[in-house]
Amino acid sequence: MYSIGNQSLVFIALTLAFLGLILVYQASYQALKVLPDLTPVGPVFIGTMVRVFGPTVVALMLATRVGAGIAAETGSMTVTDQIEAMKVTNADPVEYLVVPRFIASIIMMIVLWVFGVLVAVAAGTLIGTLRFGIQLRTFLSLSGTTMSDVWVALFKCVIFGAAIPILAADSGFKATGGSEGVGWATTKAVVHSLFTVILLDFLISSIAYRFGW
Amino acid sequence: MSKPVETDSFLGNFGRTFITAFQTVGAMTLLQLRIFRSLLAIKNFDYDESVTQLFKIGVRSLPVVIATAAFVGALMVVASGNFVRATGATTLIGWAAGTAVFSEVGPILIGLMFSGRVGANNTAELGTMVVTNQIDALRVLGINPIGYLIVPRFMAMIVMLFFLTAIGDLFALTGGAITCRAVLGIDMRIYWQGILDSNLLSEFIMGLVKAIFFGGAIAIVSCHWGLQVTGGARGVGRAVNDSVVTSAIAIFMVNFFITVLWT
Amino acid sequence: MADEQMRRMEIKVGALILFAALLLVFAILLLGDYSCSESSYISVDFQTSSDLKVGAPVKISGVTVGKVNKVELWAGRRDAANGNKVVQVRVILKLKSESLPLIHEDAIFRISTLGILGEKYVEISPGTYEKPSATDGQVFDGAAAMNIDEVGQSAGVIIEQVSTLLAKNEQTIQDTIKGLGQLVDRADRVIEDNQEDVRELVANLKQLSASMNVAIGDGKQINETITSLKSLSGSIDRGLQPLVSRLPEIANNLDETLTEGKSFVGEARDALKKSEVAKLFEDIRGLTASLADGKGTLGALLKDREIYDDLIALMKDLKRHPWKLLLKD
Amino acid sequence: MLQYAAQILDASLTLNDSLVLDQVFLQLESGRIHALVGAGGSGKTLLLRMLATLLQPSKGELHLFKKAINFRDLKSLRQVRSNIGVQFQNLALFDFLTVGQNVGFPLEQDSELTKDISIQVKTALDSVGLDGRQEHAISALSGGMQRRVAIARAAVAKPKLLLFDDPSGGLDPVTTSRIFELIRTIQEENDNTVVIASHDIDRLVKLCHIFHVVDHGKVIFSGTLSEARQSTDDRVKVFLDV
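This is the structure:
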């Protein structure tokens, strides 16, 4: 739990802060081309952050940070026969290694989503008010966020949080052949989990859209 | 592998994080300088290695880049779909999706995918070479490992990420178009017209410029961690992990600065 | 073997780069401003740019034909090349050359708002077909922008004027109201008692229309009438409830001939010149009188049952939201 | 009638399209120390893995403790595995656990053995001469010590079948002697069936009862040393140095 959560905090904070900055910067800049004023930027940004970019980017970061970590760990355990050693002593490697990470990943995904959205909104507010002179109150408005955004995002968090350790551990367990094998497994884990996050995100968003959530 | 002294204090952790970060950045800058120096000494250029790297880096990552891009475009359309439904402004779809894909989301996600696919693989490959003393063997043979191994990768990543982003943009828009019709039920022509009407050339070119810098950043980060590897299989795994994480941070930071400087 | 492999890699790398490069050129041509058709430029002088942005679309009757190339702030400087006139803001439009003949000398240029987000664009009413076409580089005068603030302001002015008029013409209005009251009463009764006759009355509709055309003249005058009526009822609402509840019926009926809803305020202003208002009231009185006489023209209000229902609904709605007459949606 | 702890009956194994075990016939007599010898890459490790139920033969059967192993029946597989102890070639010690936790790991997995784990761990570590190192990290130990930890972990649950893959690899002669002596003591105490794969012929000859020679994925000889001397196969004589 600690290694999935805390150690990702700085990383998530850093990337999400830059994401928040850039989104507000771009949104304001683009909006200035066509709109007379920037009042919708804040609410729309917060709404999008909560529903779309928050879960997705946090999951992408978790996939690189944690997915790669799990794959590296399980992969090196696989190539040094530790997994076999577990099997022969009747310890189920999935139960022993994956399940705790699975649970931790889901919980931390939700926590980091909240954290990430807060950081991004803080960074976005900074640039929105300082650079584009949007009123703080106008910017920090939840009028662009609905309860269904939150539910959809939470649902995404759970799904992403579950998918990442499974994919990562799977490629870790399939590692063969020394350090190069571990490297390969880690690469595969990152690519698979990144892609799966995007794919799942698309599916969930589409379904949510279709049902009007 | 020397373990850092375990300090549980928050400040200690904080300080250590920063010192490590600065060390890493410093080492990467040095690596960058060495790459440029080797670039100037053009006689180090190895044609076969370059073609191999171009192939491995470009052609092999094409499928994953295309797939990612298509879904990213689709995702952007669905995301803007919610606002379109709220406001009824269907013409905005093309503009929103086009701007997002060209200038920000496209380059970033293709870059992230590229760092996962190519950067991580590169770190693993170089790391294994370090662990098995192949780098030392090159040195003994009088070959400069930077010129022979790193420069072709560096160039190949920049060139290939540039072209892959160009291709990816197209597939992202196509994915968006299909989603527009299939999920949102809005005619594709409205979407395409929206893109064409929105004057997105500047965004498109900015995205490609970003791709060049992302390629360079991913190359340096992944080579750095690859050459740093110590401690066998576990070390390689760790290095790959560090490599993708640092690449992601680098991508987001570089992205921000390019956008701000561009506009 | 290794050579063979190398060859294959070279080909694939080459193919990828070629494909991407072609795509790149294609995309740049498509996204950029390199349309094959030639462009022409015309300038339009406005009082205010209304926050019009460079790159905003230019449309003729809603069809995009070009975009805003430049917005120059002249701030009252005189244009020596064009009869020394005072220019506040000069907007240079870049148009497809083939659209130039569609714009005539009396074309109206207006900065309008697109969509709910308030994106600005330039709308061109092409003008009279017989008039000569615009030429490259010609300078036009732009019409005042249509934005909500201005409409609101104009409405305020009109209400004031109407109030003054009402005070002056109390007797006339009393008559009008009486007439209208009778009319509505009678209409109700006719519908209830005499369903059969309604059909007959419908036949008289054409007659009414024709006579209206004769009486009121061309469409413009009708517009004036309508807009005046609208403004009138809006302001009367405060003091004269009964009138408000009746007037909209007629207003709405005449509304069918109103082509450009947005332009009513400007025209309403003209219409409020005293002499014309007096004439207007006479017209209304004549109309209501003849309607009240029940000489067949009642059909105008009773085209069919549907219109009658619509009118009732509209009346109720207007009672609650009188401002709807001023801010046409 | 002889009691067999394990039998590999006519088993073949294909990995990545290449035949790595070819119609192997291997029977392990109960209560004996068996030696598995052969050139590197001949298939010794694969055979040990198969005996440990970690590899399923592509063809043929594996019998352990007189029962045919069904690799799909996870419950009976668990049953069988609780009677097997393995020391892996690369030790496979869990680097996220301490020495004591590593040794105690097999005990924790078996509900019948969870009593007094710490005492059992202490005894096991005592017997390999590493008492008092329970709390150490694996990485803090030398290669020889790690190997002894691995042996302690394999033997701690007193399994009926004990498999050692290269117990002396890369160790100095003194440590090697100690380790082989350790294996002998363990076997004498528990009377279990032991299989050792090693290149250290001299020491195997002193310790083992029955020898199996593996060459190119085939078991070409099984028998005692005296039987080997009578073998007509040159390879057997070369490998066993007789």
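Line by line, the protein sequences give chains A, B, C and D.
FYI, the numbering for the first sequence is 0 to 212, going by numbering that gives the first Met the number 0.
FYI, the numbering for the second sequence is 0 to 262, going by numbering that gives the first Met the number 0.
FYI, the numbering for the third sequence is 0 to 328, going by numbering that gives the first Met the number 0.
FYI, the numbering for the fourth sequence is 0 to 241, going by numbering that gives the first Met the number 0.
Just so it is clear, CB atoms sit at the ideal spot from N, CA and C, and this is done for glycine as well.
Neighbour flag for residue i against chain B, beta carbons, 7 Å
i, result
"C:V67", "no"
"A:T195", "no"
"A:D200", "yes"
"C:L72", "no"
"C:A19", "yes"
"A:A67", "yes"
"C:L92", "no"
"C:G54", "yes"
Beta-carbon proximity of residue i to residue j, cut-off 7 Å
i, j, result
"B:E202", "B:S102", "yes"
"C:A55", "C:Y120", "yes"
"D:G131", "D:L170", "no"
"D:I32", "D:Q186", "yes"
"A:F17", "B:M252", "yes"
"A:T79", "D:P105", "no"
"A:V23", "A:G127", "yes"
"C:E329", "C:K130", "This structure cannot speak to residue 329 of chain C, because chain C is shown only from 0 to 328."
"D:V47", "D:L224", "One detail in the question is off: residue 47 of chain D reads as Leu in this sequence, not Val. Result no, Cβ atoms of D:L47 and D:L224 do not sit closer than 7 Å."
"D:S41", "D:D214", "yes"
"A:A70", "A:A167", "yes"
"D:A149", "D:L203", "no"
"D:I83", "D:L160", "yes"
"B:M156", "B:I65", "no"
"C:V53", "C:W73", "no"
"B:A171", "B:V244", "no"
Test: residue i CB closer than 7 Å to a CB of chain C
i, result
"B:A165", "yes"
"B:V50", "yes"
7 Å Cβ cutoff, residue i in contact with chain A
i, result
"B:F113", "no"
"B:V244", "yes"
"B:L160", "no"
"B:M252", "yes"
"D:N89", "yes"
"B:L74", "yes"
"D:L124", "no"
"D:F93", "yes"
"B:F213", "no"
"D:L53", "yes"
"B:G25", "no"
"B:V208", "no"
CB-CB length for residue i against residue j, believed under 8 Å
i, j, result
"A:F10", "B:I248", "7 Å"
"B:G174", "B:T90", "That belief does not hold up - the Cβ atoms of B:G174 and B:T90 are roughly 20 Å apart, past 8 Å."
"A:G74", "A:A174", "4 Å"
"D:G168", "D:Q88", "7 Å"
"C:N68", "C:K95", "That belief does not hold up - the Cβ atoms of C:N68 and C:K95 are roughly 13 Å apart, past 8 Å."
"D:A196", "D:D240", "Wrong, their Cβ atoms sit about 16 Å apart, outside the cutoff."
Proximity test, Cβ basis, 7 Å: residue i and chain D
i, result
"A:A84", "yes"
"A:A90", "yes"
8 Å Cβ cut-off: residues of chain C touching residue i
i, result
"B:V58", "M8, K11, V12, L15"
Within chain B, partners of residue i - CB distance below 8 Å
i, result
"C:A26", "A165, D168, L169, F203"
"C:L51", "By Cβ distance, chain B contributes nothing, its closest Cβ being about 15 Å from C:L51, past 8 Å."
Proximal residues of chain C, C-beta to C-beta of residue i below 7 Å
i, result
"B:F54", "M8, K11, V12"
"B:L199", "L30"
Interface residues of chain E facing residue i [CB-CB closer than 8 Å]
i, result
"B:E103", "Among the protein chains of the structure shown, namely A, B, C and D, there is no chain E."
Neighbour list for residue i in chain B, Cβ cutoff strictly below 7 Å
i, result
"A:T185", "A119, A123, G236, V239, N240"
Partners in chain A for residue i, counting only beta-carbon separations shorter than 8 Å
i, result
"B:G126", "S178, G182"
Residue i: contacting residues in chain D (beta-carbon distance under 7 Å)
i, result
"A:T79", "N89, A91"
Any 3 or more C-beta pairs closer than 8 Å across the segment 204–211 of chain B and the segment 232–245 of chain B: With contact defined as three or more Cβ pairs closer than 8 Å, the segment 204–211 of chain B and the segment 232–245 of chain B are not in contact.
So, do the segment 35–50 of chain C and the segment 177–190 of chain B have three or more beta carbon pairs nearer to each other than 8 Å? Output reads no: the segment 177–190 of chain B does not touch the segment 35–50 of chain C.
Counting Cβ pairs, one atom from each stretch, are 3 or more of them under 8 Å apart for the segment 117–130 of chain D and the segment 91–111 of chain A? Three or more Cβ pairs closer than 8 Å define a contact, and the segment 117–130 of chain D falls short of that threshold against the segment 91–111 of chain A.
Are the segment 6–17 of chain D and the segment 50–60 of chain D touching, with three or more C-beta to C-beta distances below 8 Å? Yes, the segment 6–17 of chain D touches the segment 50–60 of chain D.
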